[in-house]
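Here is the structure we will look at.
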Amino acid sequence: MNNLIDINFDFRTDSYGKDPDAYSGTLRRYHRLLWSKPLPSGKSLLLDEELVNTSDAGKFSFSSDSIIHTFSQWKRYQHIISQIPAEDIEYFKYKSYTIGGMTIFPNNTVGKQMTINKSRGLNRAICDRIDLTIECIRLFYQKQDSPLFKTFSIYSDFFDLFGDFKGYVDFFLFQDLVSDDYESVRFFYPFTKFGVDVLPKTKEEYLSYKNNAIAFVDQRNQRIVQWVKESLDV
């Protein structure tokens, strides 16, 4: 592929110890390249350098969101993390900071309500897991309740851009997180219902979560390579 997007680039390297979502110029550029494109409706998103849409699709501003979390800094996980080689944890972190581990969500605040990014992170029924977030998005398009339904309703005009769940998944290249018929989500860690502990509890469960998350990032990175080849190469 050409050098427009490097799927091996670690966004920590140009954010200088700060949050890559906010400070990596390379990440912002990649988001502009990937998500400035036609929508299912026939309109297009056209993002400027600040990730603000400048097309006639609507008034939207976005922020980057890291979607893969290692939980390696959480105190409750240190008894598990300490059993795993440090280089394995560092590799997991590295993968999470490649473009396959990133997406965008609207960042405009409505009243005192939380944004999607913040709600995903603070809601204990989600714990920032992108697979559970995608399940909530699937339910939202079906008009079914979930821990994020209220937050998603605030941003319904954003979700309307994609028509339906398939439109959203295909636009953001999340196909490897769903079944072939788009009827179910492929979870990193077994999930039955909201309201129970959604995080791994043992070393073996954590390793399974880690391996599934890395596999998804690798698959999505390859989808990005293919999309760039088909859509951006000249």
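The C-terminal residue of the sequence shown carries number 234 in this note's numbering, and the numbering is unbroken. Glycine is no exception: its CB is placed at the ideal position from the N, C-alpha and C atoms. All of these numbers come straight from a predicted model, not from anything done at the bench.
Quick one: what's residue i bridged to in DSSP?
{"i": "ASN53", "result": "LEU47"}
{"i": "PHE62", "result": "PRO106"}
{"i": "PRO38", "result": "SER44"}
Pick from the options: whose alpha carbon is nearest that of residue i?
{"i": "LEU46", "options": "PRO40, THR54, LEU39", "result": "THR54"}
{"i": "LYS201", "options": "GLN113, PRO106, TYR209", "result": "TYR209"}
{"i": "GLU50", "options": "THR26, ASP180, TYR189, ASP56", "result": "THR26"}
{"i": "TYR237", "options": "PRO106, ASP65, ILE224, ALA215", "result": "Here the chain comprises residues numbered 1 to 234, so residue 237 is not present and cannot be evaluated."}
{"i": "PRO106", "options": "LEU161, ARG124, LEU122, HIS79", "result": "LEU161"}
{"i": "LYS198", "options": "ASP170, ASP128, LYS93, PHE9", "result": "Reading off the sequence, residue 198 comes out as Val, not Lys. Closest by alpha carbon: ASP128."}
{"i": "ASP56", "options": "VAL217, PHE191, LEU39, TYR155", "result": "LEU39"}
{"i": "PHE172", "options": "PRO85, ASP145, ASP65, GLU205", "result": "ASP65"}
{"i": "ASP145", "options": "PHE9, ASP157, ALA125, ILE130", "result": "ALA125"}
{"i": "GLN83", "options": "ASN117, ARG186, TYR206, ASN221", "result": "TYR206"}
{"i": "LEU132", "options": "GLN113, PHE191, LYS150, PRO85", "result": "PHE191"}
{"i": "HIS69", "options": "PRO85, SER41, ILE89, LYS203", "result": "ILE89"}
{"i": "SER36", "options": "GLN142, PHE60, THR109", "result": "PHE60"}
{"i": "ILE80", "options": "TRP227, GLU204, GLN222", "result": "GLU204"}
{"i": "LYS112", "options": "THR151, LEU139, LYS95, GLY101", "result": "THR151"}
Between residue i and residue j, which are expected to be in contact by the criterion C-beta below 8 Å, what is the C-beta distance as a whole number of angstroms?
{"i": "ILE104", "j": "TYR30", "result": "ILE104 to TYR30, Cβ: 10 Å. No contact."}
{"i": "ILE5", "j": "ILE224", "result": "6 Å"}
{"i": "ASN212", "j": "PHE194", "result": "ASN212 to PHE194, Cβ: 19 Å. No contact."}
{"i": "LEU122", "j": "CYS136", "result": "With a Cβ gap of about 14 Å, LEU122 and CYS136 do not count as contacting."}
{"i": "ARG12", "j": "PRO20", "result": "6 Å"}
{"i": "ASP10", "j": "TYR97", "result": "5 Å"}
{"i": "TYR141", "j": "PHE165", "result": "4 Å"}
{"i": "ILE116", "j": "TYR155", "result": "6 Å"}
Quick check on the burial criterion: 16 or more other C-beta atoms within 10 angstroms. Buried or exposed for residue i?
{"i": "VAL178", "result": "buried"}
{"i": "GLY58", "result": "exposed"}
{"i": "TYR16", "result": "exposed"}
{"i": "ALA22", "result": "exposed"}
{"i": "ASP181", "result": "exposed"}
{"i": "ASN3", "result": "exposed"}
{"i": "VAL196", "result": "exposed"}
{"i": "VAL185", "result": "buried"}
{"i": "ASN256", "result": "The displayed coordinates of the chain run from 1 to 234. Any statement about residue 256 would go beyond what the structure contains."}
{"i": "MET1", "result": "Note on MET1: pLDDT 40, under 50, position unreliable in the model; the coordinate value appears next. Counting Cβ neighbours within 10 Å, MET1 comes out exposed, since fewer than 16 surround it."}
Every unbroken alpha helix (DSSP H) inside the stretch 139-206 [4 residues or more]: As far as the stretch 139-206 is concerned, its whole alpha helix (DSSP H) runs of at least 4 residues are 149-154, 156-160, 165-171.
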